[in-house]
Structures are given as structure tokens and as C-alpha cells.
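Novice: Pasting a structure below so you can have a look.
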Amino acid sequence: MLKKGESERAGGGYDYRWTQNGERRVIYAPTLQELREKKKRKSLPMFSEA
20 MLKKGESERA
30 GGGYDYRWTQ
40 NGERRVIYAP
50 TLQELREKKK
60 RKSLPMFSEA
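In case it helps, the working numbering puts the sequence shown at residues 20 to 69.
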């Protein structure tokens, strides 16, 4: 199940979008597991399920 800010891309893969200091940010990954690992490494806000 996707968490808040996460979405599945039409061409495959996943992205995570958030706002930081008034600017929209996004990271991409080919798998949901890799996306969540990137979020942990970057200390990004980890939201609970939507």
C-alpha cells in the first residue's frame, strides 16, 4: 500500500513528492522498496498511510 506522498508512475517505477521550504521536491526509484530506502537515507519526512 502506498503512503502519503508516494505514487506509482505510468511508465513504471515510483516517486515521492513533498514540500520543503515552500518548494516542491521529488525523488524517483524503480521499486517501492528502493524509494523507501532513499527516503530513509535522505531523512525525508516519512508519512503514515493516507
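Glycine included, each C-beta is placed from N, C-alpha and C at the ideal position.
Every value quoted in this text rests on a predicted model; they were computed, and no experiment measured them.
How should L21 be labelled, buried or exposed, when 16 other C-beta atoms within 10 angstroms of its C-beta is the threshold for buried?
Specialist: Answer is exposed; the Cβ neighbour count stays below 16.
Novice: Quick one: residues in its chain with C-beta nearer than 8 Å to the C-beta of I46, no 5 flanking neighbours on either side, listed in chain order?
Specialist: Cβ within range, chain order: D34, Y35, L54, K57, K58, K61 and L63.
Novice: Considering only DSSP beta bridges, list what A29 is partnered with.
Specialist: Answer is none; A29 lacks a bridge partner.
Novice: Return the CA-CA distance between G32 and T38, expressed in angstroms with no decimal places.
Specialist: If you take the alpha carbons of G32 and T38, they lie about 21 Å apart.
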